[in-house]
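As structure tokens, the structure follows; a few thoughts come after it.
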Amino acid sequence: MKKIVFIIAALALMSMTQGDSIITRNGKTTIINTTALAENVDGYNGPTPLKIHIENNRIVKIEALHNGETPKFFAKVKQNLLNKWNGMSVNKAMKAKVDGATGATYSSNAVKENVRRGLEYYKKNKK
Numbered sequence: 000m001k002k003i004v005f006i007i008a009a010l011a012l013m014s015m016t017q018g019d020s021i022i023t024r025n026g027k028t029t030i031i032n033t034t035a036l037a038e039n040v041d042g043y044n045g046p047t048p049l050k051i052h053i054e055n056n057r058i059v060k061i062e063a064l065h066n067g068e069t070p071k072f073f074a075k076v077k078q079n080l081l082n083k084w085n086g087m088s089v090n091k092a093m094k095a096k097v098d099g100a101t102g103a104t105y106s107s108n109a110v111k112e113n114v115r116r117g118l119e120y121y122k123k124n125k126k
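Under numbering that gives the first Met the number 0, the very last position in the sequence shown is 126; numbers go up by exactly one each time.
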């Protein structure tokens, strides 16, 4: 019985210390995880969550997280779309009209919406 109470208490403590799973910091870099922000934004085969890395109010990189997109088509998105925002200020990136990857329209649109939502969240919650 004591062991069960201890485990429950430990789990409760862990959940209280996790905080916001959307925005995290690694040194000078703020990382926005769009998994929860855009869970209803689908590419061709479901959600396309991202991690947006921001330093000094500029996008350093955007990385794709696990998704159900067809690897052949999503490779086009990774190669031709994810780097389009690199180096842009958050404000400029929010206004940018970025072209999608040819042949991967649904995935591209989902990624652009993930970026938009992630940057909006960053602006509202950065410290």
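The beta-carbon is built from N, C-alpha and C at its ideal position, and this holds for glycine as well. Treat the numbers as computed from the prediction; the structure is a model and nothing was measured.
| Query | Result |
| --- | --- |
| CB-CB length for Val40 against Trp84, believed under 8 Å | Not confirmed; about 17 Å, so no contact. |
| DSSP beta-bridge partners of Ser88 | Arg57 |
| First through last residue of the alpha helix (DSSP H) which encompasses Asn108 | 104-124 |
| Test item: CB-CB of Gly42 and Glu62 under 7 Å | no |
| Distance, Glu119 Cα to Pro46 Cα | 18 Å |
| Lys122 versus Phe72: straight-line alpha-carbon distance, rounded | 31 Å |
| Distance, Asn79 Cα to Asn55 Cα | 24 Å |
| Residue burial classification, Lys91 (beta-carbon count within 10 angstroms, cutoff 16) | exposed |
| Residue range of the alpha helix (DSSP H) that includes Asn32 | From DSSP, Asn32 is part of no alpha helix (DSSP H) but of the beta strand (DSSP E) over 28-32. |
| Lys94 to Val76 span [Cα, whole Å] | 20 Å |
| Simplified DSSP assignment, three categories, for Asn25 | strand |
| C-alpha gap between Ala103 and Arg24, whole angstroms | 31 Å |
| Spatial distance of Ser106 from Ile21 (CA atoms) | 21 Å |
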